[in-house]
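Single-structure report; data block below.
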Amino acid sequence: SRALLQVDESYRPTLKAAGFLTRDPRMKERKKYGLKGARRAPQFSKR
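Going left to right, the sequence shown walks through residues 871 to 917 as this note's numbering numbers them.
Printed below as a string of structure tokens:
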């Protein structure tokens with residue numbers, strides 16, 4: 871979609887309506903201390 875805009879700016883309204891010009895804001899969640907990853911806790915052992 872970015873290449874199409876460089877070729878011809880008239881594509882902008884169509885691409886915007888289809889949602890091709892919006893950047894996906896989702897990011898990787900940071901690893902927390904005391905955990906194996908962002909959310910996974912270390913394996914629980916009863917003894």
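Glycine is no exception: its CB is placed at the ideal position from the N, C-alpha and C atoms.
Query raised in the report: How is R882 classed by DSSP in three states: helix, strand or coil?
Result: Correct three-state label for R882: helix.
Query raised in the report: Skipping 5 residues on each side, what residues in its chain have a beta carbon closer than 8 Å to that of K901?
Result: Hits under 8 Å: G907, A908.
Query - Of the residues R910, S871, Q913, the one placed nearest L885, counting alpha carbons only - result: Measuring C-alpha to C-alpha distances from L885 to each of R910, S871, Q913 identifies S871 as the nearest.
**Report entry** R872 - DSSP class collapsed to helix/strand/coil
**Finding:** Note: R872 maps to helix in three-state DSSP.
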